[in-house]
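**Student:** Start counting the sequence shown at 1; every next residue gets the next number (the UniProt record's numbering).
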Amino acid sequence: MSVICKSRKVCDSGGMESVMKGSGGKQDDVDMDDEDVAHTGCGYAQPSYTVQGMQIIVSFPSSANEENEDGVVVDQGDTKRPLSAETAYNILSRISVPDMIAMGFTPGRSEPSWLILTVIPVPPPPVRPSVAFGGGTDRAEDDLTLKLQDIVKVNQMLKKQLETGAGSHIVNEIAALLQWHLYTLQDNNIPGMPEAQTKSKKAIKSIRSRLKGKEGRIRGNLMGKRVDFSARTVITGDPNIDIDQVGVPKSIAMNLTFAERVTPLNYAKMRELVMRGPTSWPGAKRIIRDDNSCIDLRFTKQAQDIVLRYGWRVERHMQDNDLVIFNRQPSLHKMSMMGHRAKILPFSTFRLNLSVTSPYNADFDGDEMNMHLAQSHETRAEIRNIMMVPRQVVSPQGNRPVMGIVQDSLLACALLTKRDTFLEKDFCMQLLMWLLPASWDGGNMPMPCILKPRPLWSGKQLFSMLLPKISLQKDAGIASKNRGDDPWFSRSDCRVIIQEGEVMCGVICKKTVGASSGGLIHITWLDYGPERTKQFIGGIQRLVNFWLLHHGFTVGCADIVANDGTMQKVADTLAQAKRDVRKLVLDAQRGRLEAQPGKSLQQSFEARVNQRLNEAREDSGRLAADSLDDKNNIIAM
Numbered sequence: 001m002s003v004i005c006k007s008r009k010v011c012d013s014g015g016m017e018s019v020m021k022g023s024g025g026k027q028d029d030v031d032m033d034d035e036d037v038a039h040t041g042c043g044y045a046q047p048s049y050t051v052q053g054m055q056i057i058v059s060f061p062s063s064a065n066e067e068n069e070d071g072v073v074v075d076q077g078d079t080k081r082p083l084s085a086e087t088a089y090n091i092l093s094r095i096s097v098p099d100m101i102a103m104g105f106t107p108g109r110s111e112p113s114w115l116i117l118t119v120i121p122v123p124p125p126p127v128r129p130s131v132a133f134g135g136g137t138d139r140a141e142d143d144l145t146l147k148l149q150d151i152v153k154v155n156q157m158l159k160k161q162l163e164t165g166a167g168s169h170i171v172n173e174i175a176a177l178l179q180w181h182l183y184t185l186q187d188n189n190i191p192g193m194p195e196a197q198t199k200s201k202k203a204i205k206s207i208r209s210r211l212k213g214k215e216g217r218i219r220g221n222l223m224g225k226r227v228d229f230s231a232r233t234v235i236t237g238d239p240n241i242d243i244d245q246v247g248v249p250k251s252i253a254m255n256l257t258f259a260e261r262v263t264p265l266n267y268a269k270m271r272e273l274v275m276r277g278p279t280s281w282p283g284a285k286r287i288i289r290d291d292n293s294c295i296d297l298r299f300t301k302q303a304q305d306i307v308l309r310y311g312w313r314v315e316r317h318m319q320d321n322d323l324v325i326f327n328r329q330p331s332l333h334k335m336s337m338m339g340h341r342a343k344i345l346p347f348s349t350f351r352l353n354l355s356v357t358s359p360y361n362a363d364f365d366g367d368e369m370n371m372h373l374a375q376s377h378e379t380r381a382e383i384r385n386i387m388m389v390p391r392q393v394v395s396p397q398g399n400r401p402v403m404g405i406v407q408d409s410l411l412a413c414a415l416l417t418k419r420d421t422f423l424e425k426d427f428c429m430q431l432l433m434w435l436l437p438a439s440w441d442g443g444n445m446p447m448p449c450i451l452k453p454r455p456l457w458s459g460k461q462l463f464s465m466l467l468p469k470i471s472l473q474k475d476a477g478i479a480s481k482n483r484g485d486d487p488w489f490s491r492s493d494c495r496v497i498i499q500e501g502e503v504m505c506g507v508i509c510k511k512t513v514g515a516s517s518g519g520l521i522h523i524t525w526l527d528y529g530p531e532r533t534k535q536f537i538g539g540i541q542r543l544v545n546f547w548l549l550h551h552g553f554t555v556g557c558a559d560i561v562a563n564d565g566t567m568q569k570v571a572d573t574l575a576q577a578k579r580d581v582r583k584l585v586l587d588a589q590r591g592r593l594e595a596q597p598g599k600s601l602q603q604s605f606e607a608r609v610n611q612r613l614n615e616a617r618e619d620s621g622r623l624a625a626d627s628l629d630d631k632n633n634i635i636a637m
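(1) In or out: residue 444 buried (at least 16 other Cβ within 10 Å) or exposed?
(2) Report the three-state DSSP secondary structure of residue 633 (helix, strand or coil).
(3) Please report how far the alpha carbon of residue 650 lies from the alpha carbon of residue 560, in whole angstroms.
(4) If you run the structure through DSSP and keep just helix, strand and coil, what is residue 34?
(5) Nearest-angstrom Cα distance between residue 372 and residue 346?
(6) On the DSSP bridge assignment, give the partners of residue 395 in chain order.
(7) Are the beta-carbon atoms of residue 512 and residue 459 separated by less than 8 angstroms?
(8) If you count every other CB in all the chains shown that lies within 10 Å of the CB of residue 223, and 16 or more means buried, which is it?
(9) Measuring CA to CA, which of 537, 320, 81 is closest to residue 249?
(10) Would the segment 613-621 count as touching the segment 561-574 if we require 3 or more Cβ pairs under 8 angstroms?
(11) Give the DSSP bridge partners of residue 370, in chain order.
(12) Using C-beta distances below 8 angstroms, list every residue in its chain close to residue 308, excluding the 5 sequence neighbours before and after it, in chain order.
(13) Between residue 595 and residue 601, which are expected to be in contact by the criterion C-beta below 8 angstroms, what is the C-beta distance as a whole number of angstroms?
(14) For the alpha helix (DSSP H) that residue 59 lies in, which residues bound it at each end?
(15) Let me check understanding here. Comparing Cα to Cα, which of 8, 476, 369, 219 lies closest to residue 491?
(16) Which residue spans inside the segment 164-220 form an unbroken alpha helix (DSSP H) run of at least 4?
(17) Grab me the residues of residue 161's own chain with a C-beta within less than 7 angstroms of its C-beta, minus the 5 sequence neighbours each way, in chain order.
(18) Output needed for residue 139: all residues of its chain with C-beta closer than 8 angstroms, excluding positions within five of it in sequence on either side, in chain order.
(19) Alpha helix (DSSP H) containing residue 586: first to last residue?
(20) Can you find at least 3 beta carbon pairs, one from the segment 320-334 and one from the segment 287-307, that sit closer than 8 angstroms?
(21) Use the C-beta contact count for residue 99: other C-beta atoms within 10 angstroms, 16 or more gives buried, fewer gives exposed.
(22) Thinking just about the alpha-carbon of each residue, which of 281, 190, 311 is nearest to the one in residue 291?
(23) So for residue 46, helix, strand or coil by DSSP?
(24) Just verifying my parser: in three-state terms, what is the DSSP assignment at residue 473?
(25) Using a Cβ-Cβ distance cut-off of 8 angstroms, determine whether residue 572 contacts chain C.
(26) What is the DSSP secondary structure of residue 22, reduced to helix, strand or coil?
(27) Per DSSP, residue 257 is paired with what?
(28) Based on DSSP bridge pairs, tell me the residues matched to residue 604.
(29) Taking the straight line between their C-alpha atoms, what separation do you get for residue 393 and residue 226?
(30) Please work out which residues of its chain come closer than 8 angstroms, Cβ to Cβ, to residue 211, disregarding the five sequence neighbours upstream and downstream, and give them in chain order.
(31) If you check the beta carbons only, do residue 355 and residue 470 fall under 8 angstroms apart?
So this is what it looks like as structure tokens:
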């Protein structure tokens, strides 16, 4: 309705003339068959409205003046005049019910006249509390209370002046003052309007200032607030816990509690926790009876004398595998709050698996995170079935994984699956001790790939024992440097081929086990589900990290020193660049240098010199990078 009426300059009176005026005088734009074209309007030109301070100014077009029967133009009054709230209220009150419905209002529930305030809601005392001082004899009222008092006083003054028949200029001044009080009650920062102040010349805090902003009621006290059963501390990495676990300090576990109801099935367990008390983990802090009265175990000398009843609740310490919500601020997407299983550990930091840092956008340079302990079985069920980390591995936003193997584990995967990595039987069995039998072929070792002179297992075989029965063909990360290789018989082993869970060839790298679409983690999650993906990621980390611990990896000076041939090529490149720059200098001095379009001669000279030197720098860097072989430790990273 507002879109249709906005372009109308004349209120349709039902005739063709008014329709033509409303359409800008273009007959082609008018559909004569349209039943909605003609209306029983007034036929007058419609004004425009502007806001000036506290007033709304109505501007009528000059065409609003009409001719009388003698052809003389009759002035209809001022073309600009203020629109009072009373006038607006009278206009809105006269809208008929059919027009009201056509405009989208519901009679009796929302009417146009309700857009003009005739009464204002008064907030209750808890919203505007008074502060006692001076031993309780004096009270300081809230800014809202003082402003409401001013509104009542001025309103009564206005009523008295109207009853006594005061002059219009006096009534208008008091009405403007009342309007100003109403404005500053709601918003005391309106541009161009004087600010309401207290007796101490301090700006009052309006309703808007209490609601808006980070410290306001919405963001500061409702959407974000301090809550119970939560903890916050610094995070550190731990590659030996699963992706759905979080290491919790014992001091936090002894402070956060879960109220567990006593039943015949857990009576002995609850009895033992009560006996241990609040100072020994795992223990309990309080007992809640059926009538909600409490027994505080901190002040109970003989805990063994307490007789537990079925139905009582024991507020026990946080224990292993309790479900929590882990959060890192700012919470920008769904994966900023995920469900974890608690693992109680010593020391004072939260421990987090490195693969889970990506969706949290976390690192270990001092970041802090929040933990919330679930307080009901309904909450625990929702965390387990909706929010757990394995269920969030693939993001619905991009239909791709948001977490994968990173850092040392990723490096170890590439080194372990190289062609020249072999392991003896005793070390293989020691590595496999880090895995659950269910995650590697039921605990059966494969045949060694080399039998003579002694049995040896390849790194690819060991990695294959972690894989579910999936197939994959993908280029490795080193494929871009070896484009001349046959993709099906690559000398550089840059083509990853996995058949039914067996790594046939290729180096496992970030493209394969990282957070990439179509990689091993993505396929495992789609084909085998979240739980198997969790076992796969955890198994990779435990196995390859233990192997890397014994294999070793370091970066030394030899990895950054170029050979003689590369140094000579770099020297030749720089020497040629210097010669080209000298030639440019001579050309400029002898006046043989042409200016580039849109540049002066000096700017053209500088641009050509910079371009040539930048080319020399890039060529030298390319030569140095190409001279490094695949065994270079920087390239491996």
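No residue lacks a Cβ here, since even glycine has one placed at the ideal position from N, Cα and C.
**Tutor:** Here's the rundown:
(1) The count along the sequence shown starts at 1 and reaches residue 444 at position 444. When all chains shown are included, residue 444 counts as exposed.
(2) Here residue 633 is taken as the residue at index 633 of the sequence shown, counted from 1. In this structure, residue 633 counts as helix in the three-state DSSP scheme.
(3) Residue 650 lies beyond the stretch modelled for the chain, which goes from 1 to 637, so this question has no answer here.
(4) Counting from one through the sequence shown, the residue named residue 34 turns up at place 34. Residue placement at residue 34 is poorly supported in this model, since its pLDDT is 48, which falls under 50; the coordinates still yield a value, given next. Three-state DSSP puts residue 34 in coil, outside helix and strand.
(5) Taking the sequence shown and counting its residues from 1, the one referred to as residue 372 is at position 372. Taking the sequence shown and counting its residues from 1, the one referred to as residue 346 is at position 346. Answer to the nearest angstrom: the Cα atoms are 19 angstroms apart.
(6) Residue 395 sits at position 395 when you count from the first residue of the sequence shown. In the DSSP output, where bridge partners are listed per residue, residue 395 has 400.
(7) The residue given as residue 512 occupies position 512 in the sequence shown. The residue given as residue 459 occupies position 459 in the sequence shown. Contact: no.
(8) Taking the first residue of the sequence shown as position 1, residue 223 is located at position 223. Exposed: under 16 other Cβ atoms inside 10 Å.
(9) Mapped onto the sequence shown, residue 249 falls at position 249. For the residues 537, 320, 81, the minimum Cα distance to residue 249 belongs to 320.
(10) yes
(11) Against the sequence shown, residue 370 aligns to sequence position 370. 232, 327.
(12) Here the question's residue 308 lines up with position 308 in the sequence shown. 262, 267, 270, 271, 274, 287, 314.
(13) Here residue 595 corresponds to residue number 595 of the sequence shown, with the count starting at 1. Here residue 601 corresponds to residue number 601 of the sequence shown, with the count starting at 1. Confirmed, Cβ separation roughly 5 angstroms.
(14) Residue numbering aside, residue 59 sits at position 59 when the sequence shown is read from its first letter. Element bounds for residue 59: not the alpha helix (DSSP H) but the beta strand (DSSP E), 55-59.
(15) On the sequence shown, position 491 is the one that residue 491 refers to. The shortest C-alpha separation from residue 491 is found at 476.
(16) 168-186, 207-211
(17) On the sequence shown, residue 161 is found 161 positions in, with the first residue counted as 1. Around residue 161: 170, 171, 174.
(18) As a working note, residue 139 is residue 139 in the sequence shown. For residue 139, where only same-chain residues beyond five positions count, the Cβ hits under 8 angstroms are 130, 131, 132, 133.
(19) Within the sequence shown, the letter at position 586 stands for residue 586. Unbroken alpha helix (DSSP H) run through residue 586: 564-589.
(20) no
(21) Walking along the sequence shown from the start, residue 99 turns up at place 99. Under this definition residue 99 is an exposed residue.
(22) For this step, residue 291 is matched to residue 291 along the sequence shown. Cα-wise, what sits closest to residue 291 is 311.
(23) For the purposes of this step, residue 46 is taken as residue 46 along the sequence shown, with counting starting at 1. Of the three classes helix, strand and coil, the one that applies to residue 46 here is coil, per DSSP.
(24) Along the sequence shown, one-based indexing puts residue 473 at 473. Note: residue 473 maps to strand in three-state DSSP.
(25) Considering every chain present, this structure includes no chain C. It has just one protein chain.
(26) Start at 1 with the first residue of the sequence shown, and residue 22 comes out as number 22. Annotation note: pLDDT 48 at residue 22 (below 50); position unreliable, no value reported.
(27) Within the sequence shown, numbered from 1, the residue matching residue 257 stands at position 257. The partner list for residue 257 (beta bridge, DSSP) reads 317.
(28) Within the sequence shown, the letter at position 604 stands for residue 604. The partner list for residue 604 (beta bridge, DSSP) is empty, contrary to what the question assumes.
(29) Counting from one through the sequence shown, the residue named residue 393 turns up at place 393. Counting from one through the sequence shown, the residue named residue 226 turns up at place 226. C-alpha separation (whole angstroms): 29 angstroms.
(30) Position 211 of the sequence shown holds residue 211. 217, 218.
(31) The residue given as residue 355 occupies position 355 in the sequence shown. The residue given as residue 470 occupies position 470 in the sequence shown. Cβ distance not < 8 angstroms, so residue 355 and residue 470 don't count as in contact.
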